[in-house]
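K.L.:
Here the sequence shown is numbered in this note's numbering, starting from 2 and rising by one per residue.
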Amino acid sequence: MDINPKDFVAPWGDYELANATLTHGSRLLLFASAWTHNHPDDDPALVTPVDADEVRRYWLSRLAPLVGKDVHFVCANRVGAENGILFTGCSCVISLREPEVV
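1. Taking the beta carbon of Val10 as the centre, do at least 16 other beta carbons fall within 10 Å, making it buried, or is it exposed?
2. Identify, in the order they occur along the chain, each residue of the same chain with its Cβ nearer than 8 Å to the Cβ of Val94, setting aside the five sequence neighbours on each side.
3. Only counting the same chain, and skipping five residues up and downstream in sequence, which positions put a Cβ closer than 6 Å to that of Tyr16?
4. To the nearest angstrom, how far is the alpha carbon of Trp13 from that of Leu61?
5. Hey, Gly81 and Ala53 are a contact pair by Cβ (cut 8 Å); roughly how many whole angstroms apart?
6. Among Asp8, Val51 and Gly69, which has the Cα closest to the Cα of Leu23?
7. In chain order, what residues of the same chain lie with their CB nearer than 7 Å to the CB of Gly85, ignoring the 5 residues before and after it?
8. Cβ of Thr49 within 8 Å of Cβ of Phe88?
9. Using the C-alpha atoms, what's the distance from Ala33 back to Val51?
10. Assuming the contact rule is C-beta atoms closer than 8 Å, Arg63 and Asn5 should be a hit. Round their C-beta distance to whole Å, please.
11. Buried or exposed: Leu47, going by 16 or more other Cβ atoms within 10 Å of its Cβ?
Rendered as structure tokens:
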């Protein structure tokens, strides 16, 4: 299961991962990722720097049903570059009760 809408075509508000977390009563959501800010076919001259706050805001928007709940989101996210792909890093632990990075 992905944090993004299934196949990028499911309705935004389905929140599949967040709702599965609620359904199973999980208080800890582990997220291993290789989040990227560009596609391999992108012109390297057009690749923009990664804004870690923007990435975390996106993740929080996808976890909206969990905000205010006693759940922690732990993300281990790949960092660096390989074959022209820039990985964002942005590993973090977020308490979704507040929400805030802990």
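Ideal placement from N, C-alpha and C gives every residue a C-beta, glycine not left out.
Treat the numbers as computed from the prediction; the structure is a model and nothing was measured.
P.N.:
The relevant details are as follows:
1. With fewer than 16 other Cβ atoms within 10 Å, it is exposed.
2. These residues qualify, in order along the chain: His73, Phe74, Val75, Cys76, Val102 and Val103.
3. These residues qualify, in order along the chain: Pro66.
4. Taken atom to atom, the span from the alpha-carbon of Trp13 to that of Leu61 is near 13 Å.
5. Gly81 to Ala53, Cβ: 14 Å. No contact.
6. Comparing Cα positions, the closest option is Gly69.
7. For Gly85, where only same-chain residues beyond five positions count, the Cβ hits under 7 Å are Pro41 and Pro45.
8. With respect to the 8 Å criterion, Thr49 and Phe88 are not classified as neighbours on the basis of their beta carbons.
9. When rounded, the distance between both Cα atoms is 18 Å.
10. For Arg63 against Asn5, the beta-carbon gap comes to about 7 Å, under 8 Å, which counts as contact.
11. Counting of Cβ neighbours within 10 angstroms places Leu47 among the exposed residues, the total staying below 16.
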